[in-house]
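Enquirer: Numbering (my numbering), first residue to last: 1 to 233.
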Amino acid sequence: TLPLQLSLDADRSISLAAPLPAVVDIVIAPDGASFAEPATPATRPHAPGAAALVYDGSPLLVVYGTTGDAMTNAALHSAAVAASKGPNTAWPVDKFENAPQDGISHYQNLYGQLPMKADTEVTDADLAANNLVLLGTAVQNTLVARLAAKLPVSAAAATLKTSDGFTYSTDENAWALVHFNPLAPQRLVLWLASDDSHFYQAGALLPRELFNHGYGADFVVMSAEGRVSAARS
């Protein structure tokens, strides 16, 4: 019921009448200051190290592909299960540093798992409500295929290509990209993919390294042995 009174210096103050909004911007100009409604960007902003921002407490959905060969589809589902057990980008393995009290690994969620869905089950409501962890290439995952043309990284003919013209081989590599979701621009996606189905398993190096070393990049290309070909923002 009281106004918000803000003192800027010894001889300047501004006031905002009640009822007060939950959030308000303060605009400082040469001729004075004022309150303003917060600007809402058209897309969800993110920064270097953005993989962690996907796990910022927002609702999150793990989406695995179903359009690869049988071995790849099984591996994608296995990776999704591993991803659902962790509170961060890593895909923790079972039975590693398990607590004696409850038998749960210190690296896994103690209560419950992150929700996961097959690519063909994702709804428009899911897109609007969740950050996404997308598993699979555009060939392996139909949702990735829907987004592919609007992402700054594409994969085709064993080559990764960025929108500014850099290219990288997909041979023996996996990649990770963080970007706003083109179908729901206020949400983020973390896209993890490889042409090699062996990448999709608990303990995979790239998702673990995204967490362990907090890569200051939103696009990373890495081999199974840890050789980094790209780490870009």
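For every residue, glycine included, the Cβ atom is placed at its ideal position computed from N, Cα and C.
Leaving out the 5 sequence neighbours to the left and right, which residues in its chain are closer than 7 Å to F230 when beta-carbon positions are compared?
Expert: Along the sequence shown, one-based indexing puts residue 230 at 230. It is Ala, not Phe, that sits at residue 230 in the sequence shown. So the list reads Y168, F219, V220 and V221, once near-sequence residues are dropped.
Enquirer: Closest to H198 by C-alpha separation, out of I28, P38 and A79, would be which residue?
Expert: Here the question's residue 198 lines up with position 198 in the sequence shown. With distances taken between Cα atoms, H198 lies closest to A79.
Enquirer: Take every Cβ of the segment 128-146, pair it with every Cβ of the segment 61-69, and state whether three or more of those distances are shorter than 8 Å.
Expert: With the cut-off at 8 Å, the segment 128-146 and the segment 61-69 touch.
Enquirer: Rounded to whole angstroms, what is the Cα-Cα separation between L151 and T1?
Expert: In the sequence shown, the residue the question calls residue 151 occupies position 151. In the sequence shown, the residue the question calls residue 1 occupies position 1. Looking at the two C-alpha atoms, the distance is approximately 47 Å.
Enquirer: Note down the Cα distance separating P38 from H179, rounded to an integer number of angstroms.
Expert: Sequence index remark: in the sequence shown, residue 38 carries index 38 (1-based). Sequence index remark: in the sequence shown, residue 179 carries index 179 (1-based). So the alpha carbons of these two residues sit roughly 23 Å apart.
Enquirer: Check K150 in the structure and name its three-state DSSP category.
Expert: Counting from 1 along the sequence shown, the entry for residue 150 is found at position 150. Note: K150 maps to helix in three-state DSSP.
Enquirer: Are the beta-carbon atoms belonging to L210 and T89 less than 7 Å from one another?
Expert: As a first step, residue 210 is located in the sequence shown; it is residue number 210 there, counting from the start. As a first step, residue 89 is located in the sequence shown; it is residue number 89 there, counting from the start. Taking 7 Å as the Cβ cut-off, L210 and T89 qualify as a contacting pair.
Enquirer: Determine the direct distance from the alpha carbon of S154 to that of N212, and round the result to whole angstroms.
Expert: Translated into the one-based positions of the sequence shown, residue 212 becomes position 212. Translated into the one-based positions of the sequence shown, residue 154 becomes position 154. So the alpha carbons of these two residues sit roughly 26 Å apart.
Enquirer: Is R12 helix, strand or coil by DSSP?
Expert: Within the sequence shown, the letter at position 12 stands for residue 12. Three-state result, R12: strand.
Enquirer: What is the DSSP secondary structure of S51, reduced to helix, strand or coil?
Expert: Counted from its first residue, the sequence shown places residue 51 at position 51. In the sequence under discussion, the amino acid at residue 51 is Ala, which differs from the Ser named in the question. A51 falls in the helix class under three-state DSSP.
Enquirer: Looking only at its chain, what residues have a beta carbon closer than 8 Å to the beta carbon of A36, apart from the 5 residues adjacent to it on each side?
Expert: Position 36 of the sequence shown, counted from the first residue, corresponds to residue 36. For A36, where only same-chain residues beyond five positions count, the Cβ hits under 8 Å are V24, D25, I26 and V27.
Enquirer: Whole alpha helix (DSSP H) runs in the segment 191-224 with 4 or more residues, listed along the chain?
Expert: 205-212, all fully within the segment 191-224.
Enquirer: Please state if the CB of Q113 and the CB of K85 are separated by a distance shorter than 7 Å.
Expert: Here residue 85 is taken as the residue at index 85 of the sequence shown, counted from 1. Here residue 113 is taken as the residue at index 113 of the sequence shown, counted from 1. Closer than 7 Å, so yes.
Enquirer: Please tell me whether L206 and A158 are closer than 7 Å, where the distance is taken between their beta carbons.
Expert: Position 206 of the sequence shown, counted from the first residue, corresponds to residue 206. Position 158 of the sequence shown, counted from the first residue, corresponds to residue 158. Result no, Cβ atoms of L206 and A158 do not sit closer than 7 Å.
Enquirer: Check for me: the beta strand (DSSP E) holding D25 runs from which residue to which?
Expert: On the sequence shown, residue 25 is found 25 positions in, with the first residue counted as 1. D25 to A29 is the span of the beta strand (DSSP E), which, as asked, contains D25.
Enquirer: Per DSSP, L6 is paired with what?
Expert: If you number the sequence shown from 1, residue 6 lands on position 6. The partner list for L6 (beta bridge, DSSP) reads I14.
Enquirer: Excluding five sequence neighbours on each side, which residues of the same chain lie with their C-beta closer than 8 Å to the C-beta of R12?
Expert: Here residue 12 is taken as the residue at index 12 of the sequence shown, counted from 1. Correct list, in chain order: G32 and A33.
Enquirer: Taking 7 Å as the threshold (C-beta atoms), are A156 and A145 in contact?
Expert: As a first step, residue 145 must be located in the sequence shown, where it is residue number 145. As a first step, residue 156 must be located in the sequence shown, where it is residue number 156. No. Outside cutoff.
Enquirer: Quick one: grab the DSSP three-state call for V81.
Expert: To locate residue 81, count along the sequence shown from 1; it is residue 81. Three-state DSSP puts V81 in a helix.
Enquirer: Bridge partners for F180 per DSSP, in chain order?
Expert: For this step, residue 180 is matched to residue 180 along the sequence shown. F180 pairs with L188.
Enquirer: Using a 10 Å radius around the Cβ and a threshold of 16 neighbouring Cβ atoms, would you call S7 buried or exposed?
Expert: As a first step, residue 7 must be located in the sequence shown, where it is residue number 7. The residue in question, S7, is exposed, as its Cβ has fewer than 16 Cβ neighbours within 10 Å.
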